[in-house]
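Okay, so the sequence shown: first residue is 2 according to the working numbering, each after it adds one.
Cβ atoms here follow ideal geometry from the backbone N, Cα and C, with glycine treated the same way.
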Amino acid sequence: MTLPDEAAIVAREEQAWAALRALVRAEGDPLLGIVAPKLAIAGTGVDTVSRSAGFGALVTTAARARWRPGPMITVVDGIAIITASSGQARALAPVLTALADEHEAVPARLPPVRPSALRSAHVTRRRLTPVLDDWSRTAGTAPIDISSEVFAAALVRARLAEWLDRTEPRRLVVATQHNTTVRAAVREARDRGIPSTYVPHAPAADTPWYRDIPTDAALLRGQGEVDFYTGLGASSQHLAVVGDPSITHPLDRATVHAAAPLVWATSPQPETTLRAIVALLDETGLMIEVAPHPRADRGLLERICPATWCWNRYPSTGTRLAVEPLAAVVQHRSGMGLEAAMRGVPVLELCAPGRSMPYLYLRELACEVRTATDVVAALGALPMADAIEATSLRWCAATGDEAAIATATRLRSDDDVATGPVLDGWLT
2 MTLPDEAAIV
12 AREEQAWAAL
22 RALVRAEGDP
32 LLGIVAPKLA
42 IAGTGVDTVS
52 RSAGFGALVT
62 TAARARWRPG
72 PMITVVDGIA
82 IITASSGQAR
92 ALAPVLTALA
102 DEHEAVPARL
112 PPVRPSALRS
122 AHVTRRRLTP
132 VLDDWSRTAG
142 TAPIDISSEV
152 FAAALVRARL
162 AEWLDRTEPR
172 RLVVATQHNT
182 TVRAAVREAR
192 DRGIPSTYVP
202 HAPAADTPWY
212 RDIPTDAALL
222 RGQGEVDFYT
232 GLGASSQHLA
242 VVGDPSITHP
252 LDRATVHAAA
262 PLVWATSPQP
272 ETTLRAIVAL
282 LDETGLMIEV
292 APHPRADRGL
302 LERICPATWC
312 WNRYPSTGTR
322 LAVEPLAAVV
332 QHRSGMGLEA
342 AMRGVPVLEL
352 CAPGRSMPYL
362 YLRELACEVR
372 TATDVVAALG
382 ALPMADAIEA
392 TSLRWCAATG
402 DEAAIATATR
412 LRSDDDVATG
422 PVLDGWLT
């Protein structure tokens with residue numbers, strides 16, 4: 002049993018992404034550079050919706066956008082922290098706490114959409130949608146609601162521009178480089194001479210949307226990430242290692258025992274992929290413990306997993322690793338493996354035929370497995386905990402207060418200016 006072969010999908014994705022980069026470069030429209038990563042991700046089939054919705058959908062988009070709060074924004078000492086998801090907010094919460102030690106943190110929200118912004122967004126939508134629709138059809142991507150994406154991006158960009166003019170923060174801090182709202186904020190800030198800094202909420206991956214840092218500086222988790230981005234052409238002058246402030250609990254050495262359960266750290270995946278993983282792991286005959294991702298469909302997992310499997314009973318997978326013995330962590334495209342490795346836990350990465358490991362840390366820390374036989378064999382030849390932990394430091398140099406304080410110290414400095422993207426993966 003293996004996961005479905007993805008060689009043809011990978012080839013099609015690479016062609017689609019190359020065509021999208023060429024389109025962004027040829028058109029030269031900043032909004033294309035803002036929405037490009039979302040379109041690239043959607044084109045993989047991870048986010049699938051109907052291609053270019055009709056006018057009714059646009060009316061709904063406009064109505065929702067007019068008074069929607071927009072991204073989560075908190076300003077402390079002139080530093081605006083902008084997040085667009087609960088995961089991003091959790092990642093930057095320790096940094097916000099460190100910054101708020103000396104200054105009050107004040108929540109903010111974007112102004113409503115103005116009629117002029119609506120008119121401008123419609124003009125932008127009519128101009129860019131046919132071009133992008135043609136790209137999507139020619140490249141054979143998964144269906145993408147391009148019209149609504151462009152329209153919504155134009156609206157939030159206008160709201161962000163008005164907010165920045167009114168507030169005039171001295172720096173923006175973001176936790177992602179591929180979210181449309183965040184990219185719009187970074188672009189509008191640079192147009193106003195306001196520098197922005199990227200503090201990642203997830204490990205770096207070798208994908209089109211990660212081969213890009215649109216901000217003016219980046220505070221990364223480890224030297225491995227710095228080496229990756231400088232290898233792509235980024236200047237080390239705008240990169241620094243601070244660690245991962247989002248890991249706030251102590252990383253005590255886990256107890257690894259061959260007779261303990263193999264912990265499956267799930268990640269959000271299509272049902273077909275999850276079923277294939279379940280079938281593969283069931284074929285091993287091993288004792289499996291399911292550790293659902295916070296955004297996992299628990300009901301679906303309970304329906305497709307064998308009744309003999311056990312389940313993580315702790316608040317998080319990280320907590321579980323610290324408390325009870327385990328044989329190893331097995332996962333498919335998850336960032337959980339880095340924390341596991343920092344605890345000395347062996348990591349097995351399930352890879353589909355035709356696709357390589359996405360997260361960079363996995364290529365040094367994880368054992369690649371593709372079949373049930375691979376899983377069983379890997380468990381019999383695992384590296385020692387000391388070696389795993391030592392390698393993990395290259396990908397995460399510090400955690401907790403140490404990382405949060407180092408991040409806050411860098412953000413308070415005035416060393417960075419709005420000089421341009423650290424690395425423009427879309428050539429805009």
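Residue i versus residue j: straight-line alpha-carbon distance, rounded
i             : j              : result
tyrosine 230  : tyrosine 211   : 9 Å
arginine 413  : alanine 162    : 23 Å
leucine 105   : valine 77      : Note that residue 105 corresponds to glutamate in the displayed sequence, not to leucine. Glutamate 105 and valine 77: Cα-Cα distance of roughly 6 Å.
leucine 133   : aspartate 146  : 10 Å
arginine 172  : arginine 314   : 41 Å
proline 251   : proline 316    : 15 Å
arginine 126  : valine 151     : 6 Å
aspartate 228 : alanine 308    : 45 Å
serine 335    : tryptophan 396 : 15 Å
aspartate 166 : leucine 119    : 19 Å
leucine 33    : glycine 141    : 19 Å
isoleucine 82 : glycine 244    : 18 Å
alanine 154   : proline 209    : 20 Å
serine 53     : alanine 386    : Model confidence at serine 53 stands at a pLDDT of 45, short of 50, so the residue's coordinates are unreliable; what they give is reported in the following sentence. Approximately 51 Å, taken between the alpha carbons.
serine 121    : histidine 179  : 24 Å
threonine 273 : threonine 177  : 28 Å
Residue of the options minimising C-alpha distance to residue i
i             : options                        : result
serine 87     : Asp416, Glu284, Ile74          : Ile74
serine 149    : Pro131, Thr410, Arg276         : Pro131
leucine 21    : Ile35, Gly29, Ala41, Leu119    : Ala41
glycine 225   : Ile10, Met2, Thr392            : Thr392
glycine 421   : Thr98, Gly336, Ala255, Asp192  : Asp192
leucine 156   : Pro72, Leu351, Ile10, Val25    : Pro72
glycine 295   : Gly244, Gln16, Gln270          : Here the sequence assigns proline to residue 295, which means glycine is not the residue at that position. Comparing Cα-Cα distances from proline 295 to each of Gly244, Gln16, Gln270, the minimum goes to Gln270.
histidine 258 : Gln16, Glu15, Leu380           : Leu380
threonine 181 : Glu28, Val36, Ala19            : Val36
alanine 109   : Asp135, Ser137, Thr168, Arg138 : Thr168
Contact set for residue i: own chain, Cβ-Cβ below 6 Å, skip 5 residues either direction
i              : result
proline 246    : Pro95, Val96, Ala404, Ala405, Thr408
valine 50      : Any answer about valine 50 is weak, because its pLDDT of 33 lies below 50 and its placement is not dependable; what the coordinates show is given next. Asp146.
isoleucine 389 : Ala342, Gly345
arginine 318   : Sequence check: residue 318 is threonine here, not arginine. Cβ within range, chain order: Ala266, Ala292, Met337.
proline 196    : Arg172, Asp217, Asp417, Val418, Ala419
Cβ shell of residue i (< 7 Å), same chain only, five flanking positions each side left out
i             : result
threonine 249 : Pro95, Gly401
glycine 234   : Leu424
arginine 444  : Any question about residue 444 goes unanswered here, given that the chain covers just 2 to 429.
glycine 194   : Ala419
Beta-carbon proximity list for residue i, same chain, < 8 Å, skipping 5 on both sides
i            : result
arginine 115 : Ala159, Glu163
Residue i: CB within 7 Å of a non-hydrogen atom of the ligand ADP
i            : result
arginine 356 : Summarising the ligand content, the structure contains no ligands, and the ligand ADP is consequently not present.
Whole runs of the beta strand (DSSP E) within the segment 187 to 232, excluding any shorter than 3 residues
197 to 199, 218 to 221, all fully within the segment 187 to 232.
Pair every Cβ in the segment 361 to 379 with every Cβ in the segment 298 to 305, then say whether three or more of these pairs are closer than 8 Å.
Cβ pair count under 8 Å is below three, so no.
Quick one: which unbroken alpha helix (DSSP H) runs of 4-plus residues sit fully inside the segment 72 to 135? Chain order, please.
Correct list: 87 to 100.
Okay, do the segment 280 to 294 and the segment 260 to 272 touch, 3+ Cβ pairs below 8 Å being the bar?
Output reads yes: the segment 260 to 272 touches the segment 280 to 294.
Mind listing, in chain order, the continuous alpha helix (DSSP H) runs of no fewer than 4 residues lying wholly within the segment 349 to 409?
For the segment 349 to 409, whole alpha helix (DSSP H) runs of length 4 or above, ordered along the chain, are 361 to 366, 373 to 380, 386 to 393.
Report yes or no: do the segment 314 to 323 and the segment 351 to 358 share at least 3 C-beta pairs separated by less than 8 Å?
Output reads no: the segment 351 to 358 does not touch the segment 314 to 323.
Tell me the start and end of each unbroken beta strand (DSSP E) in the segment 284 to 346 that is at least 3 residues and wholly inside, in chain order.
Taking only runs of at least 3 residues, the beta strand (DSSP E) segments lying wholly in the segment 284 to 346 are 289 to 292, 329 to 332.
Please confirm if the segment 216 to 223 is in contact with the segment 278 to 287, defined as three or more CB-CB distances below 8 Å between the two stretches.
Fewer than three beta-carbon pairs drawn from the segment 216 to 223 and the segment 278 to 287 are found closer than 8 Å, and the two stretches are therefore not classed as touching.
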